[in-house]
Amino acid sequence: MPQTMFDKLWEAHEVSENLIYIDLHLVHEVTSPQAFDGLRLAGRAVRRPDKTIATADHNVPTDGTMAARLIADQLSRVQVETLERNCEEFGIPIYSLGSERQGIVHVIGPELGVTQPGMTIVCGDSHTSTHGAFGSLAFGIGTSEVEHVLATQCLGQRKPKTMRINYSGELGFGVTAKDLILATIGRLGTGGMVGHAVEYAGPAIESLSMPGRMTVCNMTIEGGGRAGMIAPDEKTFEWVRGRPAAPNDFDAAVERWRRLASDEGASFDTEIDVDAGAISPMVTWGTNPGMVVQVTDSVPDPAQMDSPADRESAERALAYMGLDAGTPMTEVAPERVFIGSCTNSRIEDLREAAEIVDGRKVAGSVRAMVVPGSQQVKADAEAEGLHEVFRSAGFEWREAGCSMCLGMNPDILVEGERCASTSNRNFEGRQGKGGRTHLVSPKMAAAAAIEGHFVDIRDWS
Amino acid sequence: MRPIDVIEGKVSVLDRADVDTDQIIPKQFLKRVERTGFGEFLFYDWIRDGEIELEPNPILLTGANFGCGSSREHAPWALEDFGFEAIVAPSFADIFYSNCTKVGLLPAILDEEHCRAVAEAGEARIDVDDETITCAAGVFKFEVEPDVKHRLLNGLDDIGITLENGAAIDAFEGSGASGYGPVTTAL
């Protein structure tokens with residue numbers, strides 16, 4: 113019987129019914145301390161430190177602080193130091209502050225090559241779905257599950273349903289992977305993928321670069337999906353080739369990886385077709401990622417919405433966002449611009465933004481920052497001179513970390529500030545209490561920084 | 018985890034859909050390295066701003082897609098620490114649902130109409146074994162996965178259960194099926 117990629121991954125890792133083996137466990141400072149405590153209390157060891165790797169990302173400052181003990185915020189310092197101590201005690205490799213391999217956990221996995229096709233990957237972070245871009249089964253877990261994986265290298269899971277989203281056509285000029293996934297979530301809603309492992313497929317997905325595919329899979333969780341995945345192909349293999357953790361017998365690995373794609377005729381619980389050619393640059397207007405419109409549209413009018421519940425949440429969202437129904441999105445003017453996060457902080461994202469910014473100046477009304485996803489991305493960007501492009505335009509150029517994606521570190525919005533952000537969540541208070549987030553692609557964020565308001569990147573020159 | 022079989026008492030109502038984990042427990046409280054003491058920060062901004070009022074009753078009744086967003090288990094920790102023993106909603110986000118079952122907080126799925134009835138009744142009795150919610154408006158059925166129910170009713174430690182299966186894990190590792198992945202300690 114023809115199998116989906118998900119079925120193949122699940123079957124290959126099922127230790128016993130609904131208990132799956134985990135090939136890689138990524139650990140960070142926020143969701144792990146209580147799990148290590150649990151191990152100590154029960155006198156348990158980490159079963160496979162050689163399949164575990166840690167970094168500090170969520171609450172590290174991005175101002176050049178290069179050691180945990182130097183972090184000014186006491187709680188953050190304790191959390192990062194606790195991670196370092198736990199990793200030492202349990203024998204887990206860690207790339208903390210000061211390491212040239214430190215960075216956002218979902219950026220360093222693919223960068224080191226520890227993220228490979230055919231694997232099961234978990235992390236105590238919902239954006240673990242990012243790694244599915246390589247044809248792996250990757251998903252976020254809670255702290256009890258982190259402890260469970262540390263102790264057993266396995267995880268009990270209900271088998272999710274399968275969904276395939278087929279993207280026909282090609283993305284138009286100026287339209288990116290970020291717009292593709294925002295448009296998809298806008299159509300399906302933030303709960304539209306709940307209970308499903310989602311495979312993204314079709315010509316528009318095949319055309320995407322690996323960073324683009326990571327952006328798409330990254331935001332699967334914003335549609336409620338358990339895991340997002342894309343069949344591995346030559347681009348995937350080329351990405352992994354030569355990385356520090358690439359398999360020694362690379363050709364044999366590629367032979368195995370070629371067999372992972374969903375078989376012709378495999379059946380999915382749900383199939384959805386999307387015309388990629390019809391997707392425009394997108395901007396969110398509300399307080400969840402499903403509240404999104406094309407940049408050429410206006411802020412929606414709650415009065416025009418059918419369901420009373422939608423109307424009520426839209427009204428509340430507009431009040432929070434300080435927006436009036438009917439305002440063209442191109443008149444919305446952010447005071448802050450954030451280019452970074454596990455969604456869009458890879459070298460390709462920075463190149464795209466730099467191309468827009470090159471030779472121009474950030475509008476006087478805007479404070480803009482670029483936060484590379486990892487120390488490696490930062491080094492690569494500096495080798496290409498991107499930091500000079502950003503700095504001369506008036507952007508701040510910072511150290512690697514989650515930064516203003518979630519406001520657990522000093523990079524936050526103040527009450528009422530409006531931000532064009534390349535991150536993944538526009539929830540109330542996500543970037544700082546009272547902060548107003550508009551999710552966009554790196555190109556759109558860069559153009560908004562220059563103009564002082566959103567622009568349709570397709571007309572902009 | 019302590020066993021739960023019957024949850025009975027008043028119902029607190031939070032009539033909103035798509036409540037995300039950033040609202041349940043805002044990020045500034047995730048810096049603690051302990052598992053307890055999160056209750057006082059539950060819905061921190063909404064409560065401090067007077068947007069909502071919540072009594073620490075045994076049952077929280079709320080809208081669809083509750084717990085969407087991040088994987089932070091701090092969200093169920095905060096709800097439980099605040100005093101809730103069960104959350105009743107038309108649907109839950111996947112990771113949040115799973116996290117609740119790990120900490121002994123019952124997530125019960127009930128359709129919108131029955132949710133409204135429970136909210137109006139103001140009091141209810143939830144029987145985990147029978148999978149029923151009883152209130153003045155009637156007796157409503159909800160579903161829990163058999164293995165989750167077994168763990169909740171007995172307050173069982175997940176890791177202990179899996180380790181009973183240790184031979185299967187050893188066999189899986191011995192079969193070579195797990196031998197392909199990268200070796201992180203060799204980097």
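Line by line, the protein sequences are chains A and B. Heads up: the first sequence begins at 113 in our numbering, then just goes up one per residue. Heads up: the second sequence begins at 18 in our numbering, then just goes up one per residue. The C-beta atom is built at its ideal place from N, Cα and C for all residues, glycine as well. The model shown is predicted, which means the values in this text are computed figures rather than measured ones.
List, in order along the chain, the chain A residues whose C-beta lies closer than 7 Å to that of residue i?
i         : result
SER195(B) : TYR133 and ASP135
LEU47(B)  : VAL142 and MET520
VAL200(B) : ASP162
PHE189(B) : VAL127 and TYR133
GLU97(B)  : Those within 7 Å of GLU97(B) in chain A number zero; the least Cβ separation is about 12 Å.
Please identify the residue among the options whose C-alpha is closest to the C-alpha of residue i.
i         : options                                       : result
THR194(A) : ALA180(A), ALA495(A) and ILE233(A)            : ALA180(A)
MET481(A) : ARG472(A), ASP135(A), ASP523(A) and GLU496(A) : ASP523(A)
ALA147(A) : SER128(A), ASN130(A), LEU131(A) and VAL258(A) : VAL258(A)
ALA343(A) : ALA316(A), SER504(A) and ASP571(A)            : ALA316(A)
THR442(A) : VAL395(A), GLY476(A) and ARG299(A)            : VAL395(A)
PHE157(B) : LEU169(B), LEU170(B), LYS166(B) and ILE143(B) : ILE143(B)
SER535(A) : GLU464(A), VAL449(A) and ALA154(A)            : VAL449(A)
TYR197(B) : SER319(A), SER238(A) and GLY230(A)            : GLY230(A)
PHE99(B)  : GLU51(B), ILE41(B) and HIS131(B)              : ILE41(B)
GLU130(B) : LEU59(B), GLY56(B), LEU78(B) and ASP35(B)     : LEU78(B)
VAL200(B) : PRO161(A), ALA390(A), GLY528(A) and GLY546(A) : PRO161(A)
HIS91(B)  : ASP22(B), LYS48(B) and ASP62(B)               : LYS48(B)
GLY193(B) : VAL127(A), ALA184(A), LEU209(A) and SER280(A) : VAL127(A)
VAL328(A) : THR288(A), ASP345(A) and GLN115(A)            : THR288(A)
THR116(A) : THR382(A), SER280(A), ASP568(A) and GLU200(A) : THR382(A)
ALA154(A) : ASP174(B), GLY183(B) and ASP187(B)            : ASP174(B)
Determine the chain B residues that contact residue i at a beta-carbon separation under 8 Å, and present them in chain order.
i         : result
THR302(A) : ASP35, ASN82 and CYS85
ARG152(A) : The premise fails here: ARG152(A) is roughly 12 Å from chain B at the closest Cβ pair, so nothing lies under 8 Å.
LEU187(A) : LYS48 and ARG49
Any Cβ of chain E within less than 8 Å of the Cβ of residue i?
i         : result
THR396(A) : Note that chain E does not occur in the displayed structure, where the protein chains are A and B.
Please classify residue i as buried or exposed, where buried requires at least 16 neighbouring CB atoms within 10 angstroms.
i         : result
VAL352(A) : buried
HIS137(A) : buried
PRO43(B)  : buried
LEU430(A) : buried
SER477(A) : exposed
PRO420(A) : exposed
GLU72(B)  : exposed
THR533(A) : A small correction: the amino acid at residue 533(A) is Ser; Thr does not occupy that position in the sequence shown. By the 10 Å Cβ count, SER533(A) comes out buried.
MET326(A) : buried
LEU123(B) : buried
PHE285(A) : exposed
PHE83(B)  : buried
ALA168(A) : buried
PHE362(A) : exposed
SER553(A) : buried
GLY191(B) : exposed
Does the distance from the CB of residue i to the CB of residue j come in under 8 Å?
i         : j         : result
ILE216(A) : ILE384(A) : no
MET275(A) : VAL306(A) : no
HIS550(A) : PRO440(A) : no
LEU151(A) : ALA295(A) : no
ARG542(A) : ASP66(B)  : no
ARG423(A) : GLY225(A) : no
ILE451(A) : ALA378(A) : no
VAL483(A) : ALA505(A) : no
LYS347(A) : SER321(A) : yes
ILE562(A) : ARG472(A) : yes
CYS132(B) : PRO93(B)  : no
ARG479(A) : ASP175(A) : no
ILE176(B) : HIS260(A) : yes
By DSSP's criteria, residue i is part of a beta bridge. Which residues make up the other side?
i         : result
GLY215(A) : SER486(A)
ASP144(B) : VAL23(B) and THR149(B)
PRO124(B) : ILE104(B)
ALA339(A) : ALA309(A)
HIS550(A) : ALA532(A)
TRP509(A) : VAL482(A)
HIS137(A) : THR164(A) and VAL234(A)
GLN406(A) : MET394(A)
Along chain B, which residues have their Cβ under 7 Å away from the Cβ of residue i?
i         : result
ILE165(A) : THR201
MET231(A) : GLY198
Determine the chain A residues that contact residue i at a beta-carbon separation under 9 Å, and present them in chain order.
i         : result
LEU170(B) : The contacting residues do not exist; LEU170(B) stays about 17 Å from chain A at best.
ASP128(B) : The contacting residues do not exist; ASP128(B) stays about 14 Å from chain A at best.
Give the interface partners of residue i over in chain A, defined as CB-CB distance under 8 Å, in chain order.
i         : result
PRO43(B)  : GLY541 and LYS545
ALA110(B) : GLY303, VAL306 and GLY336
LYS119(B) : GLY254, SER256 and GLU257
ALA185(B) : VAL127, SER128 and LEU131
Which bits of chain B does residue i rub up against, with CB to CB less than 9 Å?
i         : result
ALA343(A) : Chain B residues near ALA343(A): none, gap ~18 Å exceeds 9 Å.
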